[in-house]
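*Asks:* The structure is given below, and queries will be raised subsequently.
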Amino acid sequence: MKIIQKDNGKAGVFEALMDDAQVGEMTYIWEGKDTIVIDHTGVGPQYEGQGIGRQLFDKAVEFARTNEVKIVPVCPFVVALFERLPETNDVLAD
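Going by our numbering, the letters in the sequence shown line up with residues 129 to 222, in that order.
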């Protein structure tokens, strides 16, 4: 599986791909130039429970750290991960 990012400057998505088919996604919108709002995470039913959502989250955190971006979690899945993983709170928006 690979995760790619698409971004048009206003919104973006991290896509999880298996054999070039999308099996999961995490979408976000830009709020200013240094904050993204993650509003949705989805994984195909046949791929649930395989850690794909967590891999998407990890990629978003990596992106935020690399680009000095903060994350506003709106998606309940992402909110829960930030609560469970305090080591990621460095990219959590105030």
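For every residue, glycine included, the Cβ atom is placed at its ideal position computed from N, Cα and C.
(1) For D186 and P173, what's the separation of their Cα atoms in angstroms?
(2) Among P204, V171, A139, which has the Cα closest to the Cα of L145?
(3) So, are the CB atoms of L184 and T169 less than 8 Å apart?
(4) Between which two residues does the alpha helix (DSSP H) harbouring Q159 extend?
(5) Cα-Cα, which of P214, Y175, D218 is closest to V225?
(6) Candidates R182, L213, N136, R212: which alpha carbon is nearest Y156's?
(7) For D148 and E215, I'd like the C-alpha separation in whole angstroms.
(8) May I ask you to report which of helix, strand or coil DSSP gives G179?
(9) Are F191 and Q150 close, meaning C-beta to C-beta below 8 Å?
*Replies:* Working from what's here:
(1) Separation of D186 and P173 (C-alpha to C-alpha, rounded to the nearest whole angstrom) is 20 Å.
(2) V171
(3) Contact flag set, yes.
(4) The question names Gln, but residue 159 is Glu in the sequence shown. Looking at the DSSP string, E159 is not in any alpha helix (DSSP H), and its letter there is neither H nor E.
(5) Because the chain here runs from 129 to 222, residue 225 falls outside it and cannot be looked at.
(6) N136
(7) 32 Å
(8) Coil at G179, not helix or strand.
(9) no
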